[in-house]
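Student:
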Amino acid sequence: SAHENFSPQIIQRVAKEIRQLATNPPSGIRYLPQDDESLAEIHVELVGPEDTPYAGGFFEMKLLLTEGFPTVPPKGHFLTKIFHPNVASNGDICVNTLKRDWSADLDLSHVLQVIRCLLIVPFPESSLNDEAGKLFMECYDEYAQRARILTSIHASKTKCKDADVVGTTKSSSTQQHTSQTTNKRPLAACASDNDVAKKKLAVKKSLKRL
Numbered sequence: 001s002a003h004e005n006f007s008p009q010i011i012q013r014v015a016k017e018i019r020q021l022a023t024n025p026p027s028g029i030r031y032l033p034q035d036d037e038s039l040a041e042i043h044v045e046l047v048g049p050e051d052t053p054y055a056g057g058f059f060e061m062k063l064l065l066t067e068g069f070p071t072v073p074p075k076g077h078f079l080t081k082i083f084h085p086n087v088a089s090n091g092d093i094c095v096n097t098l099k100r101d102w103s104a105d106l107d108l109s110h111v112l113q114v115i116r117c118l119l120i121v122p123f124p125e126s127s128l129n130d131e132a133g134k135l136f137m138e139c140y141d142e143y144a145q146r147a148r149i150l151t152s153i154h155a156s157k158t159k160c161k162d163a164d165v166v167g168t169t170k171s172s173s174t175q176q177h178t179s180q181t182t183n184k185r186p187l188a189a190c191a192s193d194n195d196v197a198k199k200k201l202a203v204k205k206s207l208k209r210l
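Below is the structure:
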């Protein structure tokens, strides 16, 4: 497997971070064990954040670690179809943390939190899905409707074993479940970022009218 090219120190680090993901995951993120237990391909499920077009959805994605890790950042890829400015039609993810802002001391948990934050605060300036980015900037309601439709079609059922606990309950129950069992700080930070993003969007719209 790919992780055979990792040094013993990197194998130890990645294994430790995977254990942490499995036993104490960040808010709205669930580790999905795979049969081959590869350290080079980590699968997780992201719970669609409340008050976004992705609420009520469960999105499976994977992080791919190459032999250059951690000098080389992991690659993010959505396996569940999603309509989002920063996710290409093939599932590839564009986020600065996996590019120019990457640092070798960032852990996998942080990377996944940043990716989930994208569901709350997209960055249309660096879009991989031009249509979604354009709609987000120019016609948010239509963007949100498209995103909600795809969420309901492709992401409405969880692949986790505890689906009865979260996946089939109302969104308010999902929010209560995640807030009680996990750390809310990353989402709180995203929420404040979301306010900033909305203000930027309002300014851009007002400038367009001038």
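Throughout the sequence shown, residue numbering follows full-length UniProt numbering, covering 1 to 210 in sequence.
Note that CB positions come from ideal geometry on N, CA and C, so glycine has one too.
1. Rank A40, V14, A55, N5 by C-alpha distance to the C-alpha of K75 and give the top, closest one.
2. For Q9, does the three-state DSSP call read helix, strand or coil?
3. Which class does E60 belong to by DSSP, given the choice of helix, strand or coil?
4. With a floor of 3 residues, list each beta strand (DSSP E) that falls wholly inside the segment 63-107, ordered by position along the chain.
5. In three-state terms, what does DSSP make of P17?
6. What does the Cβ neighbour count give for A22, buried or exposed, with the cut at 16 atoms within 10 Å?
7. Measuring straight from C-alpha to C-alpha, what distance separates E50 and L119?
8. Nearest-angstrom Cα distance between S173 and L98?
9. What do you get for P8, buried or exposed, if any count of 16 or more other CB atoms within 10 angstroms of its CB means buried?
Tutor: Taking the geometry as given:
1. Of A40, V14, A55, N5, the residue nearest in Cα terms is A40.
2. Of the three classes helix, strand and coil, the one that applies to Q9 here is helix, per DSSP.
3. Strand at E60.
4. Those beta strand (DSSP E) runs which fall completely within the segment 63-107 and span 3+ residues are 75-78.
5. Going by the sequence as given, residue 17 is Glu instead of Pro. If DSSP states are grouped into helix, strand and coil, E17 belongs with the helices.
6. Residue burial annotation: A22 is exposed, with fewer than 16 other C-beta atoms found within 10 angstroms of its C-beta.
7. About 10 angstroms.
8. Reliability fails at S173, whose pLDDT of 37 lies under 50, so the model's placement of it is uncertain and the value that follows must be treated cautiously. Roughly 32 angstroms between the two C-alpha positions.
9. Exposed, since its Cβ has fewer than 16 Cβ neighbours within 10 Å.
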